[in-house]
Amino acid sequence: AQSVSQHNHHVILSEAASLELGCNYSYGGTVNLFWYVQYPGQHLQLLLKYFSGDPLVKGIKGFEAEFIKSKFSFNLRKPSVQWSDTAEYFCAVNAPLSGGYNKLIFGAGTRLAVHP
Amino acid sequence: EPEVTQTPSHQVTQMGQEVILRCVPISNHLYFYWYRQILGQKVEFLVSFYNNEISEKSEIFDDQFSVERPDGSNFTLKIRSTKLEDSAMYFCASSRGQGASSYEQYFGPGTRLTVT
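So the sequence lines, in the order shown, correspond to chains A and B. Be aware that the first sequence starts at 1, since it is given in this note's numbering, and climbs by one per residue. Be aware that the second sequence starts at 1001, since it is given in this note's numbering, and climbs by one per residue.
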């Protein structure tokens, strides 16, 4: 069965520090990969996605992620975090089904706290 | 920008009662989903729905659960006889259609269900 692992459950950083959140998945076939963010009290928002092509994808708010197929990884990065990046971050993989619809399989989430 | 909306934002019910959670997906989307997140746990897929029928459901989605698209705009999740362990945040999501665009799911703000 597909699964998604996020290595860090809780990360605490100071403003301007660099961020890297790990995500690994277990699935040998074609995958589509996502990072979602959930700000306090808000709903899940898509940060970035990878379907195909350039393995380095750029998302909103200065985030980027790199798909490394050989490592089954899709790590999220940001060179310099801000206090407003405080949120929970979820890595997700889609599981293609017949007919074009699919479900997302989520990791456990990483709670990021950025201190000013 | 179009959004997925959900009502109510918080529902408190007694064990054994029926609840209906409501969602209005984005208007030109064709695929609909329900996910849930028990407090402190990962977001879990419940069910996907397309063309007025369930396309896939998880093992969580047992006979106590049902989904319906009663009109052209609403998408509902019914829990027939709630249990304490149904307490969770329930997220509705929708996606556009076939091909790569179907892989991007847009999430609603969630309904927090508390079963007492």
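Here a beta-carbon is modelled for each residue, glycine too, at the ideal position from N, C-alpha and C.
Contact between the region 56-70 of chain A and the region 3-18 of chain A is not established, with fewer than three Cβ pairs separated by less than 8 Å. Here the region 1030-1048 of chain B makes contact with the region 1084-1091 of chain B; the two share three or more CB pairs at distances below 8 Å.
The C-beta of residue 115 (chain A) has fewer than 16 other C-beta atoms within 10 Å across all chains shown, which makes the residue exposed. Between residue 1094 (chain B) and residue 1045 (chain B), the gap from beta carbon to beta carbon reaches 8 Å or more. Listed as beta-bridge partners of residue 10 (chain A) by DSSP are A:111.
With respect to the 8 Å criterion, residue 5 (chain A) and residue 105 (chain A) are not classified as neighbours on the basis of their beta carbons. The Cβ atoms of residue 55 (chain A) and residue 18 (chain A) lie no closer than 8 Å to each other. Taking CB atoms only, residue 17 (chain A) has no neighbour in chain B less than 8 Å away. Nearest neighbour of residue 35 (chain A) by Cα position, chosen from B:1114, B:1116, B:1115 and B:1105, turns out to be B:1105.
With three or more CB-CB distances shorter than 8 Å, the region 1005-1018 of chain B counts as touching the region 1066-1083 of chain B. Proximity of chain A to residue 1109 (chain B) at the Cβ level (cut-off 8 Å) is accounted for by 42 and 43, in chain order.
Taking C-alpha positions only, residue 83 (chain A) is separated from residue 112 (chain A) by approximately 10 Å. Neighbours of residue 1043 (chain B) in chain A, taken as residues at a C-beta separation under 7 Å, are given in chain order as 90 and 106. Secondary structure of residue 1001 (chain B) (DSSP, three-state): coil.
The C-beta distance from residue 1061 (chain B) to residue 1043 (chain B) rounds to 15 Å, too long to meet the 8 Å contact threshold.
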